[in-house]
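Which chain is which? The protein sequence lines are E and A, in order.
Residues 1 to 191 in full-length UniProt numbering are what the first sequence spells out, letter by letter.
Residues 1 to 191 in full-length UniProt numbering are what the second sequence spells out, letter by letter.
Protein chains: 2
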Amino acid sequence: MTHISIIGTGNMGQAISAIAAKGDNSVELFGKTDLDKPVTGDIVVLAVPYPAVDQVLAQRAGQLDDKIVVDITNPLNFETYDSLTVPADSSAAAEIAAKLPRSRVVKAFNTTFAGTLAEGTVGPLTTTVLIAGDDADAKAALAGVVTAAGLKAVDAGSLHRAREMEAVGFLQISLAANEKLPWSGGFGVVN
Amino acid sequence: MTHISIIGTGNMGQAISAIAAKGDNSVELFGKTDLDKPVTGDIVVLAVPYPAVDQVLAQRAGQLDDKIVVDITNPLNFETYDSLTVPADSSAAAEIAAKLPRSRVVKAFNTTFAGTLAEGTVGPLTTTVLIAGDDADAKAALAGVVTAAGLKAVDAGSLHRAREMEAVGFLQISLAANEKLPWSGGFGVVN
Numbered sequence: 001m002t003h004i005s006i007i008g009t010g011n012m013g014q015a016i017s018a019i020a021a022k023g024d025n026s027v028e029l030f031g032k033t034d035l036d037k038p039v040t041g042d043i044v045v046l047a048v049p050y051p052a053v054d055q056v057l058a059q060r061a062g063q064l065d066d067k068i069v070v071d072i073t074n075p076l077n078f079e080t081y082d083s084l085t086v087p088a089d090s091s092a093a094a095e096i097a098a099k100l101p102r103s104r105v106v107k108a109f110n111t112t113f114a115g116t117l118a119e120g121t122v123g124p125l126t127t128t129v130l131i132a133g134d135d136a137d138a139k140a141a142l143a144g145v146v147t148a149a150g151l152k153a154v155d156a157g158s159l160h161r162a163r164e165m166e167a168v169g170f171l172q173i174s175l176a177a178n179e180k181l182p183w184s185g186g187f188g189v190v191n
Numbered sequence: 001m002t003h004i005s006i007i008g009t010g011n012m013g014q015a016i017s018a019i020a021a022k023g024d025n026s027v028e029l030f031g032k033t034d035l036d037k038p039v040t041g042d043i044v045v046l047a048v049p050y051p052a053v054d055q056v057l058a059q060r061a062g063q064l065d066d067k068i069v070v071d072i073t074n075p076l077n078f079e080t081y082d083s084l085t086v087p088a089d090s091s092a093a094a095e096i097a098a099k100l101p102r103s104r105v106v107k108a109f110n111t112t113f114a115g116t117l118a119e120g121t122v123g124p125l126t127t128t129v130l131i132a133g134d135d136a137d138a139k140a141a142l143a144g145v146v147t148a149a150g151l152k153a154v155d156a157g158s159l160h161r162a163r164e165m166e167a168v169g170f171l172q173i174s175l176a177a178n179e180k181l182p183w184s185g186g187f188g189v190v191n
């Protein structure tokens, strides 16, 4: 049984909670008023917008040590929708990993909209969660959670690939915001 | 009727030729031995690997003026499969556009494998060609060619979005090279 803590109660946090609850896991969801409750999950999902991550890391200092920390963010400039707010050769995941040297950071869930995560499908396809990270065991643990819920998981490579995954997320959000794609659709993976 | 010139006879050049030939277009395919034949298409597709583009631009100096030039490249470092060879905040398309100030450069076809272009499907989905560029008429002209062949076209935004499209292409190639995806599959678009 995996103990999973999810920080953030927005639509992504709720969708990931529902996925985690489908498997043989214990799931705790942390909202903004749960600051006194320590994070104890083996897997901790940072399901907050990228600008809120630093505050969460400060609030949870030490609590993320030795844990698998899942970054789901798409660090868009939401004023222009024309760039990311992280350095072009880096990624939100790399920035977070640098701040959490005692954690195993993986990137996941940023290439799927909340709707397709909750549905388990993207059109005719089973929703696929791409997972990038430098620790094979951490990626396998998260993949186990995803597949137990009936979704597919694909190992996207090292944490370097978070740069490309965030570009996928950025492009997909840009297309949906411009009504070129529905929020119920987007990129699916045929494998 | 659109006159389309395709430079490059590899699997991508052939797949794009077949697509163009399905509509009411005239299509000319240029191989390495066709240097004496001038490029005359309204739309010119640079269907060569990124490292070969500069040579093509030199060989075709002046011939691409006033034309719609389609960049399909994925500028991977094919030795490491771990990075792109263009600056992280730029794209192959932006580099090419800077060298062709008299052309209207669009990015397209780099997020679909040759197999799914030729088939017209990615698994259960119709193959979708993402098209980015700064000239709406140029994008519409290429979209017309794509949709006349029974594929879908999606306007991916300005040429800035080529950075993200190249990240999509990079990630997709990386996944296929690592056998996480088949070359007959990959990313599909549900819209």
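Every residue gets a Cβ at the ideal spot worked out from N, C-alpha and C, and that includes glycine.
Nothing here was measured: the structure is a model prediction, and the numbers come from that model.
Taking C-beta separations shorter than 7 Å and ignoring five residues to either side along the sequence, the partners of Ala118 of chain A in its chain run Ala15, Ala18, following chain order. Residue burial annotation: Lys139 of chain A is buried, with at least 16 other C-beta atoms found within 10 angstroms of its C-beta.
For Asp137 of chain E, the enclosing alpha helix (DSSP H) covers residues 136 to 148.
Contact of Asp24 of chain A with chain E is not assigned, every C-beta pair being separated by 7 Å or more. Taking the Cα of Gln172 of chain A as reference, the smallest distance to any Cα among A:Arg163, A:His160, A:Gly185 is reached at A:Gly185. A Cβ of chain A is located within less than 7 Å of the beta carbon of Val122 of chain E. For chain A, the residues of the region 82 to 102 of chain E that bring a beta carbon within less than 7 Å of one of its beta carbons are Asp82, Ala88, Asp89, in chain order. Annotation: Ala149 of chain A to Thr116 of chain E spans about 29 Å, alpha carbon to alpha carbon. Taking Asp42 of chain E as reference, the option from E:Ile72, E:Asn25, E:Pro101 with the minimal CA-CA separation is E:Asn25.
The C-beta of Asn74 of chain E has 16 or more other C-beta atoms within 10 Å across all chains shown, which makes the residue buried.
The CB of Pro182 of chain E comes closer than 7 Å to the CB of Asn191 in chain A, given here in chain order.
Here the alpha carbon of Leu159 of chain E sits roughly 40 Å from the alpha carbon of Ser5 of chain A. Rounded to the nearest whole angstrom, the C-alpha separation of Arg161 of chain A and Ala132 of chain A is 6 Å. The region 150 to 157 of chain E makes no contact with the region 83 to 92 of chain E, as fewer than three CB pairs between them are under 8 Å. Taking 7 Å as the CB threshold, Phe113 of chain E stays off the interface with chain A. Around Lys99 of chain E, the same chain offers Leu57 as residues with beta carbons nearer than 7 Å, after the five sequence neighbours per side are excluded. For Glu95 of chain E, same chain residues with a beta-carbon under 7 Å away, outside a window of 5 residues either side, are Val86 in chain order. Counting other Cβ atoms within 10 Å of its Cβ, Gly13 of chain E reaches 16 or more and is therefore classed as buried.
Identification of chain E residues near Glu79 of chain A by a Cβ-Cβ cut-off of 7 Å yields none; the smallest Cβ-Cβ distance measures about 15 Å.
When CB distances to chain A are screened at a threshold of 7 Å, not a single residue of the region 26 to 44 of chain E falls below it. For the pair Gly10 of chain E and Arg163 of chain A, the Cα-to-Cα distance works out to about 29 Å. According to DSSP, Leu130 of chain E shares a beta bridge with E:Val154. Ala108 of chain E places its beta carbon less than 7 Å from that of Val70 of chain E. Counting every other CB atom within 10 Å of its CB across the protein chains shown gives Phe78 of chain A a total below 16, marking it as exposed. Per DSSP, Arg102 of chain E lies in no beta strand (DSSP E) segment and is marked neither H nor E.
A buried status is given to Gly8 of chain A, since no fewer than 16 other beta-carbon atoms sit within 10 Å of its beta-carbon. According to the DSSP assignment, Val44 of chain E belongs to the beta strand (DSSP E) that extends over 43 to 46. Here DSSP, grouped into helix, strand and coil, assigns Gly186 of chain E to strand. Separation of Pro124 of chain E and Asp36 of chain E (C-alpha to C-alpha, rounded to the nearest whole angstrom) is 43 Å.
Identification of chain A residues near Ala61 of chain E by a Cβ-Cβ cut-off of 7 Å yields none; the smallest Cβ-Cβ distance measures about 31 Å. Among the bridge pairs identified by DSSP, Val27 of chain E is matched with E:Ile4.
Per DSSP, the beta bridge partners of Thr121 of chain A are A:Thr126. Here Val70 of chain A carries a strand assignment [DSSP, helix/strand/coil]. For a Cβ distance threshold of 9 Å, residue set Leu175, Lys180, Leu181 of chain E lies close to Val154 of chain A, ordered along the chain.
Scanning A:Phe187, A:Met165, A:Glu28 for the CA closest to the CA of Asp89 of chain A turns up A:Met165. Exclusion of the five residues before and after Ala141 of chain A leaves Thr2, Asp42, Ile43, Ile68 as the residues of its chain whose Cβ lies within less than 8 Å of its Cβ.
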